[in-house]
Ligand code: SF4
Ligand code: SF4
Ligand code: SF4
């Protein structure tokens, strides 16, 4: 009897909650679209500015042609590992013309699968930023920091290689 | 295990057992199955609890930041556990949660010590325990608010849950987690004072489960009018001191099924109450379903 009553009281609450989540989701998606449009507009302006800066830089560079371009990283693939959540994570970083082209994880024995899948998002961040100075993935801090550290040490090998 | 084999042997001999003996045997089987299930989940899916909780936190962090909700692996585990709890009651808490199992184990050690030394160790005063029972809701609210305003992340070193899940992966770099280590140590001490100490007084995930609309047929029922006068054996045996069939929130019951075999009148209504074998089979079935779901969501690990 009491269980029935409890159920009938709570069911509408849960339905309301789900409805709220759905409404929130549509609203948040709209916000996201809005901010993406803003960002795209800003990026356009920035790209324009960057273009001009690049042209200026090129002129400057041509002027001091004596300073030869130095490569920061030697091309090639580098393997390195670092401590993740529950063990060593091993990654391979492929560098070409100072750009990280590909990062693949070779070994991640100690990670819980659900955490590790979240953590791999950090690879996209690194590639997008072309830098290891990116944020770790919230909720999977250890695994993603492990990936970051491994990439960092692979890059330092690449630096030594030049 | 040896006991279990003897049980089988003795039933094969078909020597009629007295009612009391039969009930004792059934209770022993029941607790063997429970401990077995708890060990399996502790070894293979210890992160279910933290994953689900992270899912909840992520949702509120997203809402606080005005970002869309994400269906990450954590969120899926959280939703799965909630649905499972709606359908089967808090079976996850009673049988599968690694933190709950830890509590059971620590309290079991306490009873062993009590038996050895023949001394009663202290328990929390009843009044205090009753008052603390609403603490999980406060903690849940606090965590949710901290997530929504976005400062939970900077408190990550405080979480005893993270420390616990690190320990289950044998990760011992705990430098950043000193507060969390301290809290966890305090909780373990508390677990020795009261059965299911953390579940009753702290667990924010349990607070969510307590509020879920469990299907009426998955809730244990007791006909209080048919009870033996003055008896409260079921509540006394209950790790969360739940008074079945009263005005108390039915969600407080963690479905550990310890009370079922205790009642001298078999007055606690559940499927298979008259056929213990059926009840055991149902328990194992539920565990199997939960394990399969966890496996599908990649929350199971095989070392
Ligand atoms: S109340 Fe919390 S800690 Fe206790 S068993 Fe349930 S989820 Fe686990
Ligand atoms: S009421 Fe029974 S099944 Fe529920 S928690 Fe207490 S002992 Fe376990
Ligand atoms: S043990 Fe049985 S008879 Fe005693 S209070 Fe509980 S349900 Fe009633």
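Residue numbers (my numbering), protein chains in the order written: chain D, 1 to 162; chain A, 1001 to 1303. Heads up, the beta-carbon is just placed ideally off N, CA and C, and yes, glycines get one too. What you are looking at is a predicted structure, and each value in this text was computed from that prediction instead of being measured.
What does residue 1066 (chain A) touch in chain D if you count any residue whose Cβ is under 7 Å from its own?
Position 66 of the second chain holds residue 1066 (chain A). Within 7 Å of the CB of residue 1066 (chain A), the CB atoms of chain D belong to 28 and 31, in sequence order along the chain.
Sort out for me which residues DSSP pairs residue 88 (chain D) with in a bridge.
Taking the first chain and counting its residues from 1, the one referred to as residue 88 (chain D) is at position 88. According to DSSP, which records beta bridges pairwise, residue 88 (chain D) is partnered with D:83.
At the 9 Å Cβ level, is residue 6 (chain D) part of the contact set with chain A, yes or no?
Within the first chain, the letter at position 6 stands for residue 6 (chain D). Closer than 9 Å to some Cβ of chain A, the Cβ of residue 6 (chain D) qualifies, so yes.
Which ranges does the alpha helix (DSSP H) cover as unbroken runs of at least 4 residues, wholly within the segment 1207-1283 of chain A, from first to last along the chain?
1233-1237
Examine ligand 3 and report whether any of its heavy atoms sits within less than 8 Å of the Cβ of residue 1264 (chain A).
Sequence index remark: in the second chain, residue 1264 (chain A) carries index 264 (1-based). Of the heavy atoms belonging to ligand 3, at least one sits nearer than 8 Å to the Cβ of residue 1264 (chain A).
Taking a Cβ distance cut-off of 7 Å, strictly less, list which residues of the segment 1120-1141 of chain A are near chain D, in chain order.
none
Using DSSP with H/G/I as helix, E/B as strand and the rest coil, what is residue 1017 (chain A)?
For the purposes of this step, residue 1017 (chain A) is taken as residue 17 along the second chain, with counting starting at 1. In the structure shown, residue 1017 (chain A) sits in coil (DSSP, three-state: anything other than H, G, I, E or B).
Give the interface partners of residue 1170 (chain A) over in chain D, defined as CB-CB distance under 8 Å, in chain order.
Stepping through the second chain from its first residue, residue 1170 (chain A) is reached at position 170. Under the 8 Å cutoff, chain D gives 86.
For residue 1213 (chain A), would you say it is in contact with chain D, using Cβ-to-Cβ distances shorter than 9 Å as the test?
Here the question's residue 1213 (chain A) lines up with position 213 in the second chain. Output row for residue 1213 (chain A): interface = yes.
Could you give the distance in angstroms between the alpha-carbon of residue 1110 (chain A) and the alpha-carbon of residue 1121 (chain A)?
Residue numbering aside, residue 1110 (chain A) sits at position 110 when the second chain is read from its first letter. Residue numbering aside, residue 1121 (chain A) sits at position 121 when the second chain is read from its first letter. Computed Cα separation, rounded: 8 Å.
Relative to ligand 1, what is the chain-ordered list of residues with a Cβ closer than 7 Å to any of its non-hydrogen atoms?
A:1049, A:1090, A:1092, A:1093, A:1097, A:1099, A:1100, A:1103, A:1196, A:1198, A:1199, A:1203, A:1205, A:1206, A:1209 and A:1254
Which residues in the same chain have their Cβ closer than 8 Å to the Cβ of residue 1227 (chain A), if we skip the five residues on either side of it in sequence?
The sequence position of residue 1227 (chain A) within the second chain is 227, counting from 1. 1265 and 1267.
Of the residues that make up the segment 108-136 of chain D, which ones have a beta carbon closer than 8 Å to any beta carbon in chain A?
110, 112, 113, 114, 115, 117 and 118
Nearest to residue 1183 (chain A) by CA position, among A:1214, A:1257, A:1262 and A:1162, is which residue?
Numbered from 1 along the second chain, position 183 holds the residue referred to as residue 1183 (chain A). The shortest Cα separation from residue 1183 (chain A) among A:1214, A:1257, A:1262 and A:1162 belongs to A:1162.
Counting only beta-carbon separations shorter than 9 Å, does residue 1077 (chain A) have a partner in chain D?
If you number the second chain from 1, residue 1077 (chain A) lands on position 77. Residue 1077 (chain A) counts as touching chain D.
Would you say residue 9 (chain D) faces chain A, with C-beta separation under 9 Å as the test?
Counted from its first residue, the first chain places residue 9 (chain D) at position 9. Yes, residue 9 (chain D) counts as interfacial toward chain A.
In this structure, does DSSP put residue 1070 (chain A) in helix, strand or coil?
Here residue 1070 (chain A) corresponds to residue number 70 of the second chain, with the count starting at 1. Here residue 1070 (chain A) sits in coil by DSSP.
For ligand 3, any of its heavy atoms closer than 8 Å to the Cβ of residue 1231 (chain A)?
The residue you call residue 1231 (chain A) lines up with position 231 of the second chain. For ligand 3, at least one heavy atom lies less than 8 Å from the Cβ of residue 1231 (chain A).
Where residue 1158 (chain A) and residue 1222 (chain A) are concerned, what is the direct C-alpha to C-alpha distance, given to the nearest angstrom?
The residue given as residue 1158 (chain A) occupies position 158 in the second chain. The residue given as residue 1222 (chain A) occupies position 222 in the second chain. One C-alpha to the other measures close to 41 Å.
What is the DSSP secondary structure of residue 145 (chain D), counted as helix, strand or coil?
Here residue 145 (chain D) refers to the residue found at position 145 when the first chain is read from its first residue. Helix at residue 145 (chain D).
Taking C-alpha atoms, which residue in A:1028, A:1034, A:1041 and A:1210 lies nearest to residue 1292 (chain A)?
Stepping through the second chain from its first residue, residue 1292 (chain A) is reached at position 292. Taking only the C-alpha atoms, the option nearest residue 1292 (chain A) is A:1041.
How close, in whole Å, do the beta carbons of residue 144 (chain D) and residue 114 (chain D) come, if the pair is a contact with beta carbons under 8 Å?
Counted from its first residue, the first chain places residue 144 (chain D) at position 144. Counted from its first residue, the first chain places residue 114 (chain D) at position 114. The pair is not a contact, with the Cβ atoms about 13 Å apart (cut-off 8 Å).
Just checking residue 1268 (chain A) against ligand 2 - is the residue's beta carbon closer than 8 Å to any of the ligand's heavy atoms?
Here residue 1268 (chain A) is taken as the residue at index 268 of the second chain, counted from 1. Checking every heavy atom of ligand 2 against the Cβ of residue 1268 (chain A), one is found closer than 8 Å.
For residue 1119 (chain A), list the residues DSSP reports as bridge partners.
Mapped onto the second chain, residue 1119 (chain A) falls at position 119. BP columns for residue 1119 (chain A) are empty, so no partner.
Taking contact to mean at least 3 C-beta pairs separated by less than 8 Å, is the segment 1096-1113 of chain A in contact with the segment 1020-1040 of chain A?
Remark: three or more beta-carbon pairs, one from each stretch, lie closer than 8 Å, so the segment 1096-1113 of chain A and the segment 1020-1040 of chain A are flagged as touching.
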